[in-house]
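Quick mapping for you: the protein sequence lines, in order, are chains A and B.
Take the first sequence: its letter number 286 is residue 286 in the numbering used here, and every next letter is one higher.
Count along the second sequence from 1, then add 1000; that gives the number in the numbering used here.
Even glycine gets a Cβ: it sits at the ideal position worked out from N, Cα and C.
Okay, so here's the structure we're looking at.
2 protein chains.
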Amino acid sequence: MKIELRHGAGGEDTSRLIADLFAQAFANDILNKMEDGAVLPVMQGNPVFTSDSFVVDPITFPGGDIGKLAVCGTVNDLACMGAKPLYLTASFILETGLDTAVLEPIIKSMAATAREAGVQIVAGDTKVVEGKGGLFINTAGLGERAVGVDISAANLKPGDKLIVTGTLGDHHAVILTQRLQISLEAQSDCAPLNHMVQKLLAEGVNLHTVRDITRGGLATVANELAATSKVKILLEEEKIPVNEAVKGLCGILGLEPINMGNEGKLLIAIPAEEAEKALELIKADKYGAEAAIVGEVMEGKGVRLQTALGGSRRVLPLRGEGLPRIC
Amino acid sequence: MKIELRHGAGGEDTSRLIADLFAQAFANDILNKMEDGAVLPVMQGNPVFTSDSFVVDPITFPGGDIGKLAVCGTVNDLACMGAKPLYLTASFILETGLDTAVLEPIIKSMAATAREAGVQIVAGDTKVVEGKGGLFINTAGLGERAVGVDISAANLKPGDKLIVTGTLGDHHAVILTQRLQISLEAQSDCAPLNHMVQKLLAEGVNLHTVRDITRGGLATVANELAATSKVKILLEEEKIPVNEAVKGLCGILGLEPINMGNEGKLLIAIPAEEAEKALELIKADKYGAEAAIVGEVMEGKGVRLQTALGGSRRVLPLRGEGLPRIC
């Protein structure tokens, strides 16, 4: 069945679409009430609240799809604040012409990723606009953070070690090669990382800063953190993990992995004395096998990259358009 | 300045757009931290969580714009659950070609409406897609409801009176006439109704059900409530308030106000003995002057409308496409 404008009118056609597709896949006691808002159990800790819209093109790609991305992106934003992600809303803007045979696996993938992350989809919305069969998804997320936890972009301290939780550039490379219709031996790294962060917290690691390395890549994220914390960041090029296929693509196209977006990688800052313990815990995680210590925090400002040849150069945040619609 | 794809890449151009437009207009202590998620103060009551996307076309119309709508829609969803709306996220999907001179007043209108409603915009997201200068906005909302409050679509009781808080069809009529480029002496009713509901709760009115009468109109909302609460709803056509200009338009185009969407009207169910007190409180509110008791709840099922001529007919939920992109 193709989506038509009537599916967004809020009447019977909208209700049936929601009942057939969304309500079944996402079913839980809170969502099933189908009220204007989801009433949630009282929380003890600090609520943490975030939202992202997803416009990735193509909507399905090796390693994931827009639905998986929409769950991971918001779950990871909560995880980066040290919160346990609990609830998501899922709002869909469907374009006319979208086939429900395309939409259904995306919904199922959202539901499966939400189960893996341990979050419930408790409310949602469906709109339809004229278009060419695409869709946009917004997820808002609500998590709970134990009172006293203080993980923040402002907490980098001179002496901290910086860990990247895996290879850089995979998601960017996959979306780019899909768009160019060239094949690549790589998959998007799209993954929910909340269990990894919760494990570090549970083991008592003193996390100063956790940030997911999305649009703009490590270069942009490192610059933002250095500016917010008023410190200098030194990265070592040789230590930054990059998948061989992605490295090859970068060589051919003149791309740099530190400018490329990821959907399942974190940059973590921790006191030097806890770095090895943290690295071990991360490497033991399903999504952390390739983690590495890639740099450190110093007095000063800006971001520098020590190159393999022993030189060093300034790293700037992404300028210009990067890769449109990467997430 | 026209929006280009580079404004959505997550690098410097995105940061500057956010700093210049969004961060200034929405500024508050939580948003200003610019973290991956907003860390909120501990809540005593039940968190209430909701989300809506807004795709209204045209994006500016008499009585409002997509920004005001995006705040009111989500604030009203929280109010309908008996929650005090506290925080919003605001996520923008901008189309290339959108002029920032068009976007800026929409942002300011969002900020002003948020101030009126008493909510803070604490997190957001900006994406850019190829298009013709339009935009979509998603707002997610978080409110707090006192433990023990129980307002629900399942709480209609036989004997309850039904109040509509003002004239029906205004928003629908305005969007329709804008689309048809005909003029109408009417304004969208787009308004935040949380203070009205909070006042009723503070005065101890026993609210059984509160629902905003949006897409699909009173006909659809009444049918949903009757089905959820397993009761029959009887509406009296003569008592339903309709603005004269809207009535005229309905006559010409063969529309029915009960099928038309609103953005600042509630349907409220309360025990008969509290109906007059509630009506008085609502009429004293800025957005409730035209409120009326329009019907009652009975044993049975479905929705019936008693017509001005003394007959009665079955009311069905909206079928087909209604008015596309009304909100």
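Span separating the alpha-carbon of F1022 (chain B) from that of I1107 (chain B): When rounded, the separation of the alpha-carbon atoms in F1022 (chain B) and I1107 (chain B) is 7 Å.
Beta-carbon neighbours of T50 (chain A), restricted to chain B and to distances below 7 Å: Going along chain B in sequence order, the residues near T50 (chain A) (Cβ under 7 Å) are D1036, G1037, A1038, T1089, A1123.
First and last residue of the uninterrupted beta strand (DSSP E) at M978 (chain B): No answer is possible for residue 978 (chain B): the residues shown for chain B start at 1001 and end at 1327.
Nearest residue (CA-CA) to L1318 (chain B), options B:N1223, B:A1278, B:E1273, B:G1067: Comparing Cα positions, the closest option is B:N1223.
C-alpha gap between L1234 (chain B) and D1285 (chain B), whole angstroms: Each residue's CA atom was taken as its position, placing L1234 (chain B) and D1285 (chain B) some 26 Å apart.
Start-end ranges of the alpha helix (DSSP H) lying completely within the stretch 1202 to 1248 of chain B, minimum 4 residues: 1217 to 1229, all fully within the stretch 1202 to 1248 of chain B.
Minimum Cβ-Cβ distance from T1214 (chain B) to chain A less than 8 Å: Yes, because at least one Cβ of chain A sits closer than 8 Å to the Cβ of T1214 (chain B).
Short CB-CB distance (under 8 Å) between V129 (chain A) and chain B: So yes, V129 (chain A) belongs to the interface.
Runs of beta strand (DSSP E) wholly within the stretch 1096 to 1184 of chain B (minimum 3 residues, chain order): The qualifying runs are 1120 to 1129, 1135 to 1145, 1161 to 1164.
Cutoff 8 Å: C1190 (chain B) Cβ touching any chain A Cβ: Not one chain A Cβ lies under 8 Å of C1190 (chain B).
Of the listed residues A:R211, A:V149, A:A38, A:F61, nearest to L266 (chain A) (C-alpha basis): Of the residues A:R211, A:V149, A:A38, A:F61, the one whose Cα lies closest to the Cα of L266 (chain A) is A:R211.
A1079 (chain B) (DSSP reduced to helix, strand or coil): Secondary structure at A1079 (chain B): helix, using DSSP grouped into helix, strand and coil.
Beta-carbon neighbours of C80 (chain A), restricted to chain B and to distances below 9 Å: Per Cβ cutoff of 9 Å: E1035, D1036, G1037.
Short CB-CB distance (under 8 Å) between V1303 (chain B) and chain A: Answer no: the Cβ-Cβ gap between V1303 (chain B) and chain A never drops below 8 Å.
F88 (chain A) and A114 (chain A) closer than 8 Å at C-beta: It should be noted that the sequence gives Leu, not Phe, for residue 88 (chain A). Against a cut-off of 8 Å, the Cβ pair of A114 (chain A) and L88 (chain A) comes out as a contact.
C-alpha distance - F61 (chain A) paired with S188 (chain A), whole-angstrom precision: Per the coordinates, the alpha-carbon of F61 (chain A) lies some 8 Å from the alpha-carbon of S188 (chain A).
One or two residues paired with Y87 (chain A) in a DSSP bridge: Under DSSP, Y87 (chain A) takes part in a beta bridge, and its partners are A:Q120, A:L142.
Minimum C-alpha distance to E12 (chain A) - residue among B:G1204, B:V1129, B:A1227, B:L1069: Between E12 (chain A) and the set B:G1204, B:V1129, B:A1227, B:L1069, the nearest pair of CA atoms involves B:A1227.
Chain B contacts from the stretch 216 to 231 of chain A (Cβ-Cβ distance under 7 Å): Against chain B - using a Cβ distance shorter than 7 Å - the residues of the stretch 216 to 231 of chain A are G216, T220.
Start and end residues, beta strand (DSSP E) containing S1051 (chain B): It spans 1046 to 1054 - the beta strand (DSSP E) in which S1051 (chain B) sits, taken as one unbroken run.
Beta-carbon gap between L31 (chain A) and V122 (chain A) smaller than 8 Å: Contact: yes.
Collapsed DSSP secondary structure at M196 (chain A) in the structure displayed: If DSSP states are grouped into helix, strand and coil, M196 (chain A) belongs with the helices.
Any C-beta of chain A under 8 Å from that of D1029 (chain B): Not an interface residue.
Neighbourhood of G134 (chain A) by C-beta, 6 Å cutoff - its chain only, sequence neighbours within 5 removed: The residues E95, in chain order, have a CB closer than 6 Å to that of G134 (chain A) in the same chain once the five nearest residues on each side in sequence are set aside.
Touching by the beta-carbon criterion (3+ pairs, under 8 Å), the stretch 1074 to 1088 of chain B and the stretch 56 to 74 of chain A: By the Cβ test, the stretch 1074 to 1088 of chain B is not in contact with the stretch 56 to 74 of chain A, since fewer than three Cβ pairs between them sit closer than 8 Å.
Strand pairing of G295 (chain A), partner residues [DSSP]: In the DSSP assignment, G295 (chain A) is bridged to A:L162, A:L235.
Own chain residues within Cβ distance below 7 Å of M43 (chain A), not counting five before or after: Setting aside the 5 residues that flank it on each side, M43 (chain A) is surrounded in the same chain by E144, each with a C-beta closer than 7 Å to its C-beta; the list follows chain order.
Cβ contact (3+ pairs, closer than 8 Å) linking the stretch 267 to 283 of chain A and the stretch 197 to 214 of chain A: Touching, per the Cβ criterion.
Bounding residues of the alpha helix (DSSP H) (the contiguous stretch that carries R1016 (chain B)): The continuous alpha helix (DSSP H) containing R1016 (chain B) extends over residues 1012 to 1017.
Proximity test, Cβ basis, 8 Å: F1026 (chain B) and chain A: Taking Cβ atoms only, chain A never reaches closer than 8 Å to F1026 (chain B), which makes this a no.
Validate contact between the stretch 252 to 264 of chain A and the stretch 162 to 174 of chain A using beta carbons, cut 8 Å, 3 pairs: Touching, yes.
Against chain B: residues of the stretch 40 to 69 of chain A by CB proximity under 9 Å: So the list reads L40, P41, V42, M43, Q44, G45, N46, P47, V48, F49, T50, S51, D52, S53, F54, V55, D57, given in the order they occur along the chain.
Listed by chain order, chain A residues near R1145 (chain B) by CB distance under 8 Å: Ordered by position in chain A, the residues that pass the 8 Å Cβ test against R1145 (chain B) are V39.
Reference L1255 (chain B), options B:R1304, B:E1273, B:G1216, B:M1001, closest by Cα: The residue from B:R1304, B:E1273, B:G1216, B:M1001 with its alpha-carbon nearest to that of L1255 (chain B) is B:G1216.
Proximity test, Cβ basis, 8 Å: G8 (chain A) and chain B: Interface residue, yes.
Assigned secondary structure, R1314 (chain B) (DSSP; H/G/I helix, E/B strand, else coil): Looking at R1314 (chain B) - three-state DSSP - the assignment turns out to be strand.
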